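Chemist: I have a structure here, written as structure tokens, and I will follow up with some questions on it.
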Amino acid sequence: MNYKMIAYVLGRIFLVEAALLLLPLGTAALYGDGTVRVFLLTITILVLLGLLLGARTPKDTTIFAREGLVVAALAWVLMSLFGALPFRLSGEIPSMVDAFFEVVSGFTTTGSSILTDIEGMSRGLLMWRSFTHWVGGVGVLVFAMAVLPLGDGRGMHLMRAEVPGVTVGKMSSKLRDSARINYAIYFGLTVAEIVLLLIGRMPLYDALINAFGSAGTGGFSHLAASVGAYDNVYYELVIGVFMLLFGVNFNLYYLVLLGRVREALRSEEMRVYFGIVAAAVVAITVNITQMYGSAWQALRHAFFQVSSIITTTGFATQNFDLWPNFSKTILVCIMFFGACTGSTGGGLKIARIVILVKASVRDLQKALHPRAVTSVRFEGKPLESKTLNSVHVYLTLYIILFVGSVLLLSLEHFDLVTTFTAVTACLNNIGPGLAMVGPTGNFANFSAWGKLLLSFDMLAGRLELFPMLVLFAPSVWRRKRHTPAAR
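Numbering (the numbering used here), first residue to last: 127 to 613.
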């Protein structure tokens with residue numbers, strides 16, 4: 127284990143976080159909300175730690191797979207700890223566990239909250255709370271790839287540890303260029319959404335909050351009623367469409383920029399993704415039409431909530447916990463599906479769902495016709511057994527972690543729906559669940575250890591399980607050197 131290189135990268139990450147805190151610092155100064163001091167103190171701490179750990183490049187800059195996994199996990203945990211300091215130091219969230227939960231929820235783009243009086247929070251802290259969504263959307267390590275002096279051979283292990291999906295592809299032959307392209311697309315889509323919201327006369331502060339939430343598919347709002355507080359069809363349409371756009375694989379946008387539109391449109395995962403959205407919207411619209419008195423109102427709310435839930439954003443315009451069981455069941459199902467590989471959305475990912483279904487059909491065919499030679503094809507190409515195995519391993523670990531978390535959280539003695547959907551919302555980075563943790567509820571009533579368990583689930587879900595799990599493997603921390611092949 128190359129501890130010096132791990133410390134060096136973490137030091138640079140702290141400097142990045144210090145720079146990111148300048149936006150909420152500026153917001154606090156602009157509105158004079160009294161939180162300037164806590165932001166300055168947090169920035170100072172991060173800069174000092176960053177310079178201490180990352181001032182000198184180690185002689186051995188080697189990063190292999192396990193260093194990449196450890197750096198990813200530690201970076202997200204430590205960024206969340208330091209990111210929680212402004213909330214704790216200001217006294218607006220008195221408990222450090224609560225502050226940590228809130229910031230983990232932000233960085234992992236989950237959107238679950240312990241706040242009971244959101245509108246009573248200061249503007250600077252609310253801006254930081256929502257900005258963590260935008261930072262965590264593509265990933266802080268991907269951002270670091272664009273600015274840190276790490277070669278492709280070392281950086282690829284960091285990117286593999288953080289970018290969600292079945293595989294990690296590079297938009298360019300150079301990893302740093304890929305990271306820059308990723309963030310350029312991300313930034314461009316975010317600006318486009320902000321402009322469209324401003325055209326609809328949404329205040330700039332509100333436009334930034336809502337754009338950060340939908341871009342990172344996080345869902346934090348500065349209003350207790352979320353997007354529903356505006357009761358504005360135009361805002362709902364813009365935010366709903368952009369949530370879906372941020373749930374698409376960013377590689378497809380790059381293909382469009384290169385003029386390869388037909389190739390992008392042939393994406394199997396994207397077609398399944400929009401097909402599920404369309405089917406869910408139609409089914410829920412039919413089911414809730416009587417509640418709203420017109421098909422148009424039902425379609426309006428069904429589209430927004432399906433867009434919000436499948437992309438794991440968590441914005442709300444209605445209390446869907448009051449919808450019929452059929453509609454709520456559909457929403458819970460698509461909580462597990464999630465968005466596309468290579469997007470900012472969470473969940474299992476559509477690609478994994480498609481591969482698992484195809485693999486099951488292939489196995490059934492082999493049971494009926496043992497001598498038949500069949501393969502699983504995805505995106506027009508046959509999948510290697512290594513890819514299929516990784517999908518099955520991921521699903522196995524996912525189920526183990528999910529069931530274990532539900533069992534542990536059941537010790538809190540809340541009702542089954544609350545417990546089940548709380549874990550579902552956190553592990554899949556959704557935000558709201560049902561019952562006590564529904565769109566009008568929150569996670570404040572869970573105990574400190576329950577919040578820490580759910581924080582772990584949020585981090586594990588955002589980082590695709592493995593980085594968080596390897597932290598508990600003793601072999602990872604041994605100092606014994608291995609050959610590159612073994613590492």
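The beta-carbon is built from N, C-alpha and C at its ideal position, and this holds for glycine as well.
These numbers were taken from a predicted model, which means no experiment stands behind them.
The alpha helix (DSSP H) with Tyr356 in it runs from where to where?
Modeler: Position 230 of the sequence shown, counted from the first residue, corresponds to residue 356. Where Tyr356 is concerned, there is no enclosing alpha helix (DSSP H), given that its DSSP letter is neither H nor E.
Chemist: Take Val374 and list the residues in its own chain whose beta-carbon comes closer than 8 Å to its own, dropping the five residues that flank it on each side.
Modeler: What you label residue 374 is simply residue 248 of the sequence shown in a count that begins at 1. Contacts found: Met396, Tyr399, Ala465, Cys466, Ser469.
Chemist: On the DSSP bridge list, what partners appear for Arg503?
Modeler: As a position in the sequence shown, residue 503 is number 377, starting the count at 1. Note: Arg503 sits in a beta bridge opposite Pro508.
Chemist: Could you check if Gln444 is buried or exposed, using at least 16 other CB atoms within 10 Å of its CB as the buried criterion?
Modeler: Position 318 of the sequence shown holds residue 444. Classification of Gln444: buried, given that the 10 Å Cβ count is 16 or more.
Chemist: Ordered along the chain, which non-local residues of its own chain (more than five positions away) have a Cβ less than 7 Å from that of Leu207?
Modeler: Residue 207 sits at position 81 when you count from the first residue of the sequence shown. Excluding positions up to five away in sequence, the list reads Phe226.
Chemist: My guess is that Ile435 and Leu457 are in contact by the Cβ rule of under 8 Å, so how many angstroms apart are they, rounded?
Modeler: For the purposes of this step, residue 435 is taken as the residue at position 309 of the sequence shown. For the purposes of this step, residue 457 is taken as the residue at position 331 of the sequence shown. 5 Å between Cβ atoms; contact.
Chemist: Taking the straight line between their C-alpha atoms, what separation do you get for Leu211 and Pro150?
Modeler: As a working note, residue 211 is residue 85 in the sequence shown. As a working note, residue 150 is residue 24 in the sequence shown. Those two C-alpha atoms are separated by around 13 Å.
Chemist: Buried or exposed for His495, please, with buried defined as at least 16 other CB atoms from any protein chain shown within 10 angstroms of its CB.
Modeler: Taking the first residue of the sequence shown as position 1, residue 495 is located at position 369. Exposed: under 16 other Cβ atoms inside 10 Å.
Chemist: Tell me which same chain residues have a C-beta within less than 7 Å of the C-beta of Val261, skipping the five on either side of it?
Modeler: For the purposes of this step, residue 261 is taken as residue 135 along the sequence shown, with counting starting at 1. Excluding positions up to five away in sequence, the list reads Leu146, Phe233.
Chemist: Within 10 angstroms of the Cβ of Glu590, are there 16 or more other Cβ atoms? Answer buried if so, exposed if not.
Modeler: The residue labelled residue 590 in the question sits at position 464 within the sequence shown. Looking at its Cβ environment, which holds 16 or more other Cβ atoms inside 10 Å, Glu590 is buried.
Chemist: Where are the alpha helix (DSSP H) runs, 4 residues long or more, that stay fully inside the region 181-243, in chain order?
Modeler: 191-209, 211-216, 222-233
Chemist: Taking the Cβ atom as the reference point for each residue, do Asn141 and Leu200 lie within a distance shorter than 9 Å?
Modeler: Here residue 141 is taken as the residue at index 15 of the sequence shown, counted from 1. Here residue 200 is taken as the residue at index 74 of the sequence shown, counted from 1. Note that residue 141 corresponds to Leu in the displayed sequence, not to Asn. Going by C-beta atoms, Leu141 is not nearer than 9 Å to Leu200.
Chemist: By Cβ distance, which residues of its chain are closer than 6 Å to Pro508, with the 5 residues on each side in sequence left out?
Modeler: The sequence position of residue 508 within the sequence shown is 382, counting from 1. Cβ neighbours of Pro508 beyond the five flanking positions: Ser501.
Chemist: Can you grab the Cα-Cα spacing for the pair Ala611 / Ala350, in whole Å?
Modeler: Position 485 of the sequence shown, counted from the first residue, corresponds to residue 611. Position 224 of the sequence shown, counted from the first residue, corresponds to residue 350. Low confidence applies here, because Ala611 scores a pLDDT of 41, under 50, leaving its location unreliable; read the following figure in that light. Their backbone Cα atoms lie some 53 Å apart in a straight line.
Chemist: Between which two residues does the alpha helix (DSSP H) carrying Pro150 extend?
Modeler: Translated into the one-based positions of the sequence shown, residue 150 becomes position 24. Per DSSP, Pro150 belongs to the alpha helix (DSSP H) from 148-157.
Chemist: Taking only beta-carbon positions, decide if Leu579 is within less than 9 Å of chain D.
Modeler: Absence of chain D from the displayed structure is noted, only one protein chain being present.
Chemist: Measuring only the C-alpha atoms, how far is Leu560 from Asp186?
Modeler: Residue numbering aside, residue 560 sits at position 434 when the sequence shown is read from its first letter. Residue numbering aside, residue 186 sits at position 60 when the sequence shown is read from its first letter. C-alpha separation (whole angstroms): 50 Å.
Chemist: What is the rounded straight-line gap between the Cα of Val432 and the Cα of Ala406?
Modeler: What you label residue 432 is simply residue 306 of the sequence shown in a count that begins at 1. What you label residue 406 is simply residue 280 of the sequence shown in a count that begins at 1. C-alpha of Val432 to C-alpha of Ala406: approximately 7 Å in a straight line.
Chemist: When the Cα atoms are used, what is the spatial distance from Gly72 to Gln423?
Modeler: A question about residue 72 goes unanswered here, because the residues of the chain that appear run from 127 up to 613.
Chemist: Between which two residues does the alpha helix (DSSP H) harbouring Trp260 extend?
Modeler: Within the sequence shown, residue 260 is the residue found at index 134, counting from 1. Taken as a continuous stretch (DSSP letters only), the alpha helix (DSSP H) holding Trp260 covers 249-264.
Chemist: Alpha carbon to alpha carbon, how far is Ala574 from Met584?
Modeler: Locating residue 574 in the sequence shown gives position 448, counting from the first residue. Locating residue 584 in the sequence shown gives position 458, counting from the first residue. Those two C-alpha atoms are separated by around 15 Å.
Chemist: Return helix, strand or coil for Val374, following the three-state DSSP convention.
Modeler: Indexing the sequence shown from 1 puts residue 374 at position 248. DSSP places Val374 in coil when its eight states are reduced to three.
Chemist: Checking 9 Å against the spacing of the C-beta atoms, do Phe346 and Thr455 come in under that value?
Modeler: Against the sequence shown, residue 346 aligns to sequence position 220. Against the sequence shown, residue 455 aligns to sequence position 329. Contact flag unset, no.
Chemist: What residue does the alpha helix (DSSP H) around Phe430 start on, and which one ends it?
Modeler: Sequence index remark: in the sequence shown, residue 430 carries index 304 (1-based). Where Phe430 is concerned, the enclosing alpha helix (DSSP H) stretches over 421-436.
Chemist: Measuring only the C-alpha atoms, how far is Lys577 from Glu218?
Modeler: Here residue 577 corresponds to residue number 451 of the sequence shown, with the count starting at 1. Here residue 218 corresponds to residue number 92 of the sequence shown, with the count starting at 1. C-alpha separation (whole angstroms): 18 Å.
Chemist: Counting Cβ pairs closer than 8 Å, one from the region 315-330 and one from the region 368-387, do we hit at least three?
Modeler: yes
Chemist: Considering just the uninterrupted stretch of the alpha helix (DSSP H) at Ser486, what are its terminal residues?
Modeler: Locating residue 486 in the sequence shown gives position 360, where the first residue counts as 1. That run of the alpha helix (DSSP H) goes 476-494.
Chemist: Just to confirm, are Leu136 and Val173 a CB contact at a threshold of 9 Å?
Modeler: Taking the first residue of the sequence shown as position 1, residue 136 is located at position 10. Taking the first residue of the sequence shown as position 1, residue 173 is located at position 47. Contact flag unset, no.
Chemist: Can you tell me whether Thr168 is helix, strand or coil according to DSSP?
Modeler: Here residue 168 corresponds to residue number 42 of the sequence shown, with the count starting at 1. Thr168 falls in the helix class under three-state DSSP.
Chemist: Whole angstroms are fine: how far does the CA of Met247 sit from the CA of Leu156?
Modeler: If you number the sequence shown from 1, residue 156 lands on position 30. If you number the sequence shown from 1, residue 247 lands on position 121. Each residue's alpha carbon lies about 15 Å from the other.
Chemist: Could you check which residue in Thr547, Asn555, Ile556, Asn554 has the C-alpha nearest to that of Met562?
Modeler: Start at 1 with the first residue of the sequence shown, and residue 562 comes out as number 436. Out of Thr547, Asn555, Ile556, Asn554, the CA that lies nearest to the CA of Met562 is found in Thr547.
Chemist: Look up Ser469 in the DSSP assignment and say whether it is helix, strand or coil.
Modeler: In the sequence shown, residue 469 corresponds to position 343, counting from 1. Looking at Ser469 - three-state DSSP - the assignment turns out to be coil, as it is neither helix nor strand.
Chemist: What's the gap between the Cα of Ile307 and the Cα of Ala341?
Modeler: As a first step, residue 307 must be located in the sequence shown, where it is residue number 181. As a first step, residue 341 must be located in the sequence shown, where it is residue number 215. Distance between the alpha carbons of Ile307 and Ala341 is about 16 Å.
Chemist: Which same chain residues end up closer than 7 Å to Gly530 when comparing Cβ atoms and leaving out the 5 residues on each side of it in sequence?
Modeler: By 1-based counting over the sequence shown, the position of residue 530 is 404. The answer is none, since no qualifying residue turns up.
Chemist: Less than 9 Å between the C-beta atoms of Thr439 and Thr550, yes or no?
Modeler: Mapped onto the sequence shown, residue 439 falls at position 313. Mapped onto the sequence shown, residue 550 falls at position 424. Their beta carbons are not under 9 Å apart, which means Thr439 does not touch Thr550 by this criterion.
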